[in-house]
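S.K.: I am attaching a structure below and will ask some questions about it afterwards.
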Amino acid sequence: MSPQDFQRLIAGVTAVLDGRPLDASLGAWLNATWPAGSATCDALAEACRTGVSEGWLCNREHGGIRFGRIIKPTPDTHGFSVDVVDMQNIAGPHHVHPHGEIDLIMPLTDGATFDGHPAGWCVYGPGSAHRPTVAFGQALVLYLLPQGAIEFKRDTAAA
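With the first letter of the sequence shown counted as 1, position 9 gets the number 9 in the UniProt record's numbering; the numbers rise by one all the way through.
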């Protein structure tokens with residue numbers, strides 16, 4: 001698996017997502033179409049684990065979180081950027097998704113959750129915000145961001 005192979009794999013997913021509204025119904029559709037344990041999810045998870053072990057994914061670290069943007073938004077990925085994070089029992093920085101966010105949760109520890117979600121897909125709509133949190137172990141999370149849009153802001157509720 002190379003970064004180019006990874007991009008081709010992702011493009012097969014983003015082609016199906018292109019033009020769909022980012023909302024709860026998309027999350028339900030993703031979990032029904034490509035549930036955790038499906039060939040597509042397993043291929044993405046294996047690609048992410050390989051990328052991390054080879055050093056071309058999650059090649060940065062800050063505050064106990066490994067992360068990295070592997071693909072900027074391009075026509076090949078239908079305008080989505082691709083980031084992968086490696087988190088273990090930690091909350092990340094508060095941020096806003098101007099155009100929404102699609103997440104694939106890939107636990108490395110059985111039972112690990114991301115924002116309370118088990119293995120599988122989670123979709124945040126446009127304008128949503130959160131402090132991404134992995135609990136009950138370690139997980140890789142793949143983020144698809146329309147136009148690569150993300151805004152890190154101070155969480156005033158936690159201040």
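All C-beta atoms, glycine included, are put in the ideal place defined by N, C-alpha and C.
According to DSSP, is PRO35 part of a helix, a strand, or is it coil?
M.R.: It is coil, neither helix nor strand.
S.K.: Pick out whichever of PHE152, GLY79 and ASP83 has its Cα sitting closest to the Cα of GLY68.
M.R.: Closest option to GLY68, Cα to Cα, is ASP83.
S.K.: Counting only the same chain and skipping the five closest in sequence on each side, list residues whose C-beta sits under 7 Å from that of ALA47.
M.R.: Taken in chain order, the residues that qualify are MET1, PHE6 and LEU9.
S.K.: Figure out for me which residue from ALA39, SER25, ALA139 and GLU151 has the closest Cα to the Cα of VAL85.
M.R.: The option with the nearest alpha carbon to VAL85 is ALA139.
S.K.: Is GLY127 buried or exposed, if buried means 16 or more other CB atoms sit within 10 Å of its CB?
M.R.: By the 10 Å Cβ count, GLY127 comes out exposed.
S.K.: Taking only the alpha-carbon atoms, compute the straight-line gap between ASN59 and PRO21 and give it to the nearest angstrom.
M.R.: Rounded to the nearest angstrom, the two C-alpha atoms are 31 Å apart.
S.K.: How far does the beta strand (DSSP E) with ALA15 in it reach, from first residue to last?
M.R.: ALA15 -> not in any beta strand (DSSP E); alpha helix (DSSP H) instead, spanning 3-17.
S.K.: Using the rule of at least 16 other Cβ atoms within 10 Å of the residue's Cβ for burial, across every protein chain shown, is GLU101 buried or exposed?
M.R.: With 16 or more other Cβ atoms within 10 Å, it is buried.
S.K.: Run through DSSP, which three-state label would GLY55 get?
M.R.: Three-state result, GLY55: coil.
S.K.: Using C-beta distances below 8 Å, list every residue in its chain close to LYS153, excluding the 5 sequence neighbours before and after it, in chain order.
M.R.: So the qualifying residues of the chain are HIS94, HIS95, VAL96 and ALA129.
S.K.: How would you label ALA24, buried or exposed, when you count the other beta carbons within 10 angstroms and need 16 or more for buried?
M.R.: Under this definition ALA24 is an exposed residue.
S.K.: Could you say which of PRO146, GLU151 and SER53 lies nearest to GLY19 if we only look at CA atoms?
M.R.: Residue PRO146 is the option with its Cα nearest to GLY19.
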